[in-house]
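First residue of the sequence shown? That's 22 in our numbering, and the numbers climb one at a time after it.
Cβ coordinates follow ideal geometry from the N, Cα and C atoms, glycine included.
Here's the structure, in structure tokens; my notes come after.
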Amino acid sequence: MRDVIHEINSWRGQGKPVAIAANVRRDGTSMRPLGSKMAVTDSLDIAGSLTGGCIENAVYEEAQSVLKSGIPKLLRYGVVNEERPWEIGLICGSSLEVFVESLDSPQWRAIYPALQACLAERRPVAVATIIAGSGVGNKALIPMEGERVGSLGHAALDAEVAAWAKNQLRAGESGSREFEAASVFVDVLLPPPHLIMIGAVHIAIPLVELARTLGFYTIVIDPREALATRERFPRADELITDWPAAALETMSLDDSSYVAVLSHDEKIDNPALKIALSSRARYVGVLGAKKNVDKRLNVLREMGATEKELQRLRAPIGLPLGAVSPEEIALAILAEIIAARHERMETLLPR
22 MRDVIHEINS
32 WRGQGKPVAI
42 AANVRRDGTS
52 MRPLGSKMAV
62 TDSLDIAGSL
72 TGGCIENAVY
82 EEAQSVLKSG
92 IPKLLRYGVV
102 NEERPWEIGL
112 ICGSSLEVFV
122 ESLDSPQWRA
132 IYPALQACLA
142 ERRPVAVATI
152 IAGSGVGNKA
162 LIPMEGERVG
172 SLGHAALDAE
182 VAAWAKNQLR
192 AGESGSREFE
202 AASVFVDVLL
212 PPPHLIMIGA
222 VHIAIPLVEL
232 ARTLGFYTIV
242 IDPREALATR
252 ERFPRADELI
262 TDWPAAALET
272 MSLDDSSYVA
282 VLSHDEKIDN
292 PALKIALSSR
302 ARYVGVLGAK
312 KNVDKRLNVL
322 REMGATEKEL
332 QRLRAPIGLP
342 LGAVSPEEIA
352 LAILAEIIAA
362 RHERMETLLP
372 R
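Structural data, given as structure tokens:
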């Protein structure tokens, strides 16, 4: 939902009717995960995608029907049949179910303000929808903390789904499940990952831009006010002109946090590294020459860093792509961070 919410709100502000399609069940592999969405209007506006392009046009046409009738649809797509190439199908060999509904439905209107608030405040939330059975289209918004908004239409089902949805939130996975009364899809919406950049240096400028494109919430920290300016970082979500170590102490770094230490100034970098390495941050990397890594590790040891913590440090930061320009270096850094995010660090190129 996060990747299409901007377009949805823009279209709704223009008075356009909006339909949203979501991957709710699949058998086999797919380029896009469960919960992937495509939003459309009745005037050729499209945002998001459901696959690599196999079914989007067909779903768009189905969405026009939903916008006219107001009745949601559960669509099923299977493997391409080579003997009937005119049929819509998936070339990846899997099958997929897509739920299409109008955002102007009473069920959506009941939960949409609360959903927007959760997304704006970066709070974990799940949206449960009946996709088959009794009460198709009924919805409940289930935050990790706080009260449910809306109802699936059955008190017992609300209770069962709320418990399951919170387990899905903890696991970070959307999914479908059959209950006695209905088939329910739970769409898990987690806060975006945070990329915290220590040092408002030249490399950080394209790094912010690329990270934003990839859905990261970006924070730049540098006590040097001449560098940490809105003119240089107009798209950073937060710009903090404080000593990074002090700023990091106030943050709750967890496994959705990624720290890139870039200032190339030891009095700024090393105290921040010490805090980041002892935190739950999923990734910590530091800019610098390979020949100076051992020296930095010794300094961090003297500051009290443990060997286990030091093993987490990616130094020099980024994949060894031979990057030269700030933009290339930013790409190498983000590539390594993406590998860490998806637990593929063991597949990285040797340094």
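Asked: Span of the beta strand (DSSP E) around A247; Found: Run containing A247: none; DSSP gives neither H nor E here.
Asked: DSSP-derived helix/strand/coil call for A147; Found: strand
Asked: Buried versus exposed, by CB contacts within 10 Å (16 or more), M324; Found: exposed
Asked: Three-state secondary structure assigned by DSSP to L352; Found: helix
Asked: Rounded C-alpha distance that separates T72 from K58; Found: 9 Å
Asked: The alpha helix (DSSP H) enclosing N291, as first and last residue numbers; Found: E287 to L298
Asked: Per-residue burial, E104 [other beta carbons within 10 Å of its own, 16 or more giving buried]; Found: Confidence in E104 is poor, its pLDDT being 46 and thus under 50, which makes the residue's placement too unreliable to answer from.
Asked: Sequence-distant residues of the same chain with beta carbon closer than 6 Å to A221, five excluded per side; Found: V241, D243, L248 and A249
Asked: One or two residues paired with L216 in a DSSP bridge; Found: T239 and Y279
Asked: Neighbour-count burial assignment, R317, 16 or more Cβ in a 10 Å radius; Found: buried
Asked: Environment of S123 [buried if 16+ CB atoms lie within 10 Å]; Found: buried
Asked: Chain-order list of residues whose beta-carbon lies under 8 Å from that of R256 (same chain, five-residue window excluded); Found: V229, E230, R233 and T239
Asked: Inter-residue Cα distance where the pair is A147 and G167; Found: 12 Å
Asked: C-alpha distance - L42 paired with Y81, whole-angstrom precision; Found: Looking at the sequence shown, residue 42 is not Leu but Ala. Distance between the alpha carbons of A42 and Y81: 9 Å.
Asked: Per-residue DSSP class, three states only, for P106; Found: Because the pLDDT of P106 is 45, which lies under 50, any placement of that residue in the model is unreliable, and the number read from its coordinates should be weighed accordingly. Three-state DSSP puts P106 in coil, outside helix and strand.
Asked: Beta carbon of L352 nearer than 9 Å to that of L342; Found: yes
Asked: C-beta contact flag for A60 and A40 at 9 Å; Found: yes
Asked: Whole-angstrom distance between G158 and E28, CA atom to CA atom; Found: 22 Å
Asked: Within 9 Å, strictly: CB atoms of M218 and L136; Found: no
Asked: Test item: CB-CB of A281 and L216 under 9 Å; Found: yes
Asked: Validate contact between the region 198 to 215 and the region 330 to 346 using beta carbons, cut 8 Å, 3 pairs; Found: no
Asked: D48 in three-state terms, based on DSSP; Found: strand
Asked: Residue environment, I358, which counts as buried when at least 16 other CB atoms sit within 10 Å; Found: buried
Asked: Nearest to L162 (by Cα), restricted to the options T150, S155 and G156; Found: T150
Asked: Where R169 falls, given that 16 or more other Cβ within 10 Å makes a residue buried; Found: buried
Asked: Proximity below 9 Å, CB of H285 to CB of L308; Found: yes
Asked: Nearest-angstrom beta carbon gap, F120 and F206 [assumed within contact, 8 Å]; Found: 6 Å
Asked: Nonlocal neighbours in the same chain, by C-beta distance under 6 Å from W107, ignoring five residues either side; Found: With a pLDDT of only 39 at W107, under 50, the local geometry of the prediction cannot be trusted, and no value is derived from it.
Asked: Rounded distance between the beta-carbons of L88 and P127, thought under 8 Å; Found: Wrong, their Cβ atoms sit about 15 Å apart, outside the cutoff.
Asked: Selected residue, minimal CA-CA separation from V25, among D48, T62, A68 and G36; Found: A68
Asked: Proximity of L321 and L298 at Cβ, strictly below 9 Å; Found: yes
Asked: 8 Å CB neighbourhood of R155 in its chain, flanking five on each side removed; Found: It should be noted that the sequence gives Ser, not Arg, for residue 155. Answer for S155: G174, H175, A202 and A203, listed in chain order.
Asked: Residues near G306 in its chain [Cβ-Cβ closer than 6 Å; skip 5 each side]; Found: A281, R335 and I338
Asked: Under 9 Å between C-beta atoms of E118 and R53; Found: no
Asked: Run of the beta strand (DSSP E) containing I261, from where it starts to where it stops; Found: E259 to I261
Asked: Cβ neighbours of G171 in the same chain (closer than 6 Å, five flanking residues each side left out); Found: A131, I132, K160, A161 and L162
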